[in-house]
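*Asks:*
Chains as they are written, first to last, in my numbering: chain L, 14 to 93; chain F, 6 to 255; chain B, 1385 to 1633.
1) If the cut is a Cβ gap below 8 Å, which residues of chain B does residue 91(L) touch?
2) Tell me, please, whether the CB atom of residue 222(F) is closer than 7 Å to any CB atom in chain B?
3) Is it right to say residue 89(F) is buried, meaning 16 or more other beta carbons lie within 10 angstroms of its own, or is it exposed?
4) Going by alpha carbons, who is nearest to residue 40(F) out of 1522(B), 1469(B), 1507(B), 1542(B)?
5) State yes or no: is the C-beta of residue 57(F) within less than 7 Å of the C-beta of residue 97(F)?
6) Quick check: the region 1528-1543 of chain B against the region 1443-1460 of chain B, are there 3 or more CB pairs under 8 Å?
7) Would you say residue 1515(B) faces chain L, with C-beta separation under 7 Å as the test?
8) From which residue to which residue does the beta strand (DSSP E) around residue 1437(B) run?
9) Below 7 Å between beta carbons is the criterion; list the residues of the region 193-217 of chain F that meet it against any residue of chain B, in chain order.
10) Under a CB-based cut-off of 7 Å, is residue 1598(B) close to chain L?
11) Going by other Cβ atoms of all chains shown within 10 Å of its Cβ, with 16 needed for buried, is residue 137(F) buried or exposed?
12) Is the distance from the Cβ of residue 76(F) to the Cβ of residue 69(F) below 7 Å?
13) Give the DSSP-derived three-state secondary structure of residue 136(F) in the structure shown.
14) If we call anything under 7 Å between Cβ atoms a contact, is residue 130(F) one with residue 93(F)?
15) Which of the residues in the region 141-153 of chain F, read from start to end, lie with their CB under 8 Å from any CB of chain B?
16) Counting beta carbon pairs with one atom in the region 1563-1578 of chain B and one in the region 1539-1553 of chain B, are three or more of them shorter than 8 Å?
17) Are any of the Cβ atoms in chain L nearer than 7 Å to that of residue 1502(B)?
18) Kindly examine the ligand ATP and report whether one of its heavy atoms sits closer than 6 Å to the Cβ of residue 171(F).
19) When DSSP labels each residue in this structure, what does residue 105(F) get in the three-state scheme?
20) So, for residue 29(F): in the same chain, excluding its five sequence neighbours on each side, which residues have a beta-carbon less than 6 Å away from its beta-carbon?
21) Which first and last residues belong to the alpha helix (DSSP H) in which residue 25(L) is found?
22) Under three-state DSSP, which class holds residue 67(F)?
23) Any C-beta of chain L sitting closer than 7 Å to the C-beta of residue 1418(B)?
24) Are there 16 or more other CB atoms within 10 angstroms of the CB of residue 51(L), so buried, or fewer, so exposed?
25) Does the separation of the CB atoms of residue 79(F) and residue 54(F) fall below 7 Å?
26) Which residue wins for smallest C-alpha separation from residue 146(F), given the options 153(F), 139(F), 155(F), 122(F)?
27) Within the same chain, show all residues whose beta-carbon is closer than 6 Å to that of residue 1610(B), passing over the 5 residues directly before and after it, in chain order.
28) Got a sec: which bits of the region 1531-1554 of chain B sit with their beta carbon under 8 Å from any beta carbon on chain L, in order along the chain?
29) Look at the Cβ atom of residue 1510(B), then the Cβ atom of residue 1521(B), and state whether they are nearer than 7 Å.
30) Quick one: is residue 1563(B) near chain L, going by C-beta distance under 7 Å?
31) Considering just the uninterrupted stretch of the beta strand (DSSP E) at residue 1522(B), what are its terminal residues?
32) Have a look at 1417(B), 1429(B), 1406(B) and flag the residue whose alpha-carbon is nearest the alpha-carbon of residue 1535(B).
33) Tell me, to the nearest whole angstrom, how far the beta carbon of residue 1547(B) is from that of residue 1408(B); I am working on the premise that it is less than 8 Å.
34) Would residue 108(F) be called buried (16 or more neighbouring beta carbons within 10 Å of its own) or exposed?
35) Along the chain, where does the alpha helix (DSSP H) that runs through residue 34(L) open and close?
36) Can you list the residues of chain B that residue 237(F) reaches, using a CB-CB cut of under 8 Å?
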């Protein structure tokens, strides 16, 4: 299978040093309702995320960035 | 601070271990299946290529193949919704096409296969717990490629592979289980939200809120989830008294 | 393929799937290695003793042997820094030594090994996720392994690799299951916090999540901490400097 395209969320995931499984766990903990398979598809932009789902993912990534000493670099869907 | 209900949690956890909700050891099974296709290709006379397809995530995927052409053969079947591999993996019996030139079944699939240089196809189902979970497929560039002995051998390799899959815990219900689990997890979240609604409405703690839900669902013969859903919906409107006020509430 | 070949292949296939079955059932890494060693002497004719060791950068070296005799062989190679296992570990290539007494490759190891009772060695590389190691099949007689045995050895080693990967996955999954349990507890806490906000402010769960999320950003604390605070105290979390005043409980 060819390598997936470079996407915003996947780049963020890699910069945050999270595997897909680790990202899913954080998303799940925040109340995310989609399956791991769907989340991976969203990260690779192979599936559309609802704005809420996107925000849960974005926040999962941002909390990780804060752990690493950063701020909240991933923008939210519900931000103006 | 009291936890929410724990009874379902351990069962959910155990199932999650085995399903697509948490990435799990597919690599191991895929590795074993690569061995299977290599063995099949090497030992079944007449076989130019071999592949294994499995039902995963609600669709049929090629998890092992001896070469690119074979991947495309499988992909062609998934795309057209037709082919011996697809038939074997859904009907749970073998399908053999000795000569694609003369084949009348699978009219959408046959031209694509012949375009790739394939002239004979043999597919054996992979079965666990009496349910087909996929297929072992053998392809040949020549028609009439597989003798009776070849076909018996292929069937036997498929049977042994089915055993390996069983041992690795792959069942047809895994996919459906993953779906049921996703629903179960969603349900738990609605119940947690309903707990919060009741905690706020009646000024009680999480455990008491849970029992309130439970009691009302029992007395009204609604499922817990249905009751929770109603409670959550009621939070959106002007407050109406929904259900009996619990003892000890403010 | 002749009839005899077919029967041989069938027998081989059946035997190998039994081996696969046992290997996959083994469980953790140590049990799996033990099963590899136990099965090797039974599955491969001519193999009198077997040993296996694996190395992982993050974990200790694990070594299992079916007999002290072959364990000593491993120690010997470590001590003198010479031997077929060392070569295989370095190169990733398998090595077949027909007669240790007569092989010029290991002038020190060869004779010492032969002296201790091992004349023939088939050494196969093992690699699983991030792990490298060696499967050692030893025999008391020279030229103990025919072509079929050597082929079986290769397939056996492949199955061992797969089983090892599975065992590593098992151990990871146990850790993951613990994480998941904790995540489930937190997730439901967040759900309850959402429910409180939904009832109090007549909003949807998505809007409730947004409030928790904005508070988490503004206060620079984890969302679960915001949720916990709300559930425990009932106080509405602040989402920013211009957060409109809301009546708490």
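From the three backbone atoms N, C-alpha and C, an ideal C-beta is built for every residue, glycine too.
*Replies:* With the structure as the only source:
1) 1594
2) no
3) buried
4) 1542(B)
5) no
6) no
7) no
8) 1433-1440
9) 193, 194, 197, 198, 199, 200, 201, 202, 204, 205, 206, 211
10) no
11) buried
12) no
13) strand
14) yes
15) none
16) no
17) no
18) Ligands are entirely absent from the displayed structure, and the ligand ATP is therefore not among its contents.
19) helix
20) Because residue 29(F) sits at a pLDDT of 39, beneath the cut-off of 50, its placement in the model cannot be relied upon, and the following sentence gives the value as read from the coordinates. Once the five neighbours on either side are set aside, residue 29(F) has no close Cβ partner at all.
21) 21-28
22) strand
23) no
24) buried
25) no
26) 122(F)
27) 1596, 1599, 1600, 1621
28) none
29) no
30) yes
31) 1515-1523
32) 1429(B)
33) 6 Å
34) buried
35) 33-42
36) 1579, 1582, 1589
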